[in-house]
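In my numbering, the protein residues as written are 2 to 117.
Shown next, in the form of structure tokens:
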């Protein structure tokens, strides 16, 4: 019987945006957070600026897009090496567009029900 291997990944996300009043109001807290995993540098995160985030920090949309781009890169390199194709350079510039809804334009996230 073949042995099954499991890949496990653990991350910790810590919200650091409490300005003293918690989430008492939509504009009264920062979206800052830290993404951590053992053995890697911390990622400073926030929301997209549309949702009152900090443009100097990674937002979830950028992280999702970069994860897809990384998976594509690594899969491509694997296929190339198994097929004898020599790759000496690779750059992937990935644009992504999410539609803005009336709710998003008003400053409320469209992905959440408002429950924690």
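Heads up, the beta-carbon is just placed ideally off N, CA and C, and yes, glycines get one too.
Here the structure is a predicted model, which means the values were calculated and not measured.
The alpha helix (DSSP H) enclosing residue i, as first and last residue numbers
i	result
residue 79	61-83
CB-CB length for residue i against residue j, believed under 8 Å
i	j	result
residue 45	residue 56	So it is not a contact: roughly 12 Å between Cβ atoms.
residue 33	residue 18	4 Å
Range covered by the beta strand (DSSP E) that runs through residue i
i	result
residue 99	Per DSSP, residue 99 belongs to no beta strand (DSSP E) and is neither H nor E.
residue 37	34-37
residue 46	44-46
residue 153	Residue 153 lies beyond the residue range present for the chain, which begins at 2 and ends at 117; the question has no answer from this structure.
Within 7 Å, strictly: CB atoms of residue i and residue j
i	j	result
residue 60	residue 70	no
residue 75	residue 97	no
residue 62	residue 37	no
residue 81	residue 92	no
C-alpha gap between residue i and residue j, whole angstroms
i	j	result
residue 35	residue 79	31 Å
residue 11	residue 28	31 Å
residue 50	residue 39	28 Å
residue 26	residue 102	22 Å
Residue i CB to nearest heavy atom of the ligand COA below 6 Å
i	result
residue 22	With respect to the ligand COA, the structure offers nothing, as it holds no ligand at all.
Residue-level contact to chain B via CB, residue i, 7 Å cutoff
i	result
residue 20	This model lacks chain B altogether; it includes just one protein chain.
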